[in-house]
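Trainee: I have a structure here, written as structure tokens, and I will follow up with some questions on it.
Numbering (the working numbering), first residue to last: 1 to 73.
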């Protein structure tokens, strides 16, 4: 249980940081939890959002958010 808590703490740190490289890695990782992908779909830069959209692990709810984006990229 402590390992899962530590993992979520690390994920939270990345999400709150300005580390674009780490956020892109999370967005592309098939093991990233769905709630993290959802957060990145709502709060990520365009490149992060693109990676979330390409990730087959992204939940449908996040796909709905991404489909409303007016940026053609």
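Built from N, CA and C at the ideal position, the CB exists for glycine as well.
Source: prediction; values computed, not measured.
1. Would you kindly work out how many angstroms separate the C-alpha atoms of residue 1 and residue 67, rounded to a whole number?
2. Return the first residue and the last residue of the alpha helix (DSSP H) that residue 40 is part of.
3. Alpha carbons only, please: which of 62, 36, 46, 49 is nearest the one belonging to residue 15?
4. Ignore the nearest five residues each way along the sequence and tell me which others in residue 44's own chain have a CB closer than 7 angstroms to its CB.
Mentor: Here's the rundown:
1. Numbered from 1 along the chain shown, position 1 holds the residue referred to as residue 1. Numbered from 1 along the chain shown, position 67 holds the residue referred to as residue 67. For residue 1, the predicted model reports a pLDDT of 49, less than 50, meaning its position is unreliable and no value from the coordinates is stated.
2. Along the chain shown, one-based indexing puts residue 40 at 40. Unbroken alpha helix (DSSP H) run through residue 40: 34-43.
3. One-based indexing of the chain shown puts residue 15 at position 15. Of the listed residues, the one whose Cα sits closest to residue 15 is 36.
4. Sequence index remark: in the chain shown, residue 44 carries index 44 (1-based). These residues qualify, in order along the chain: 23, 27, 52.
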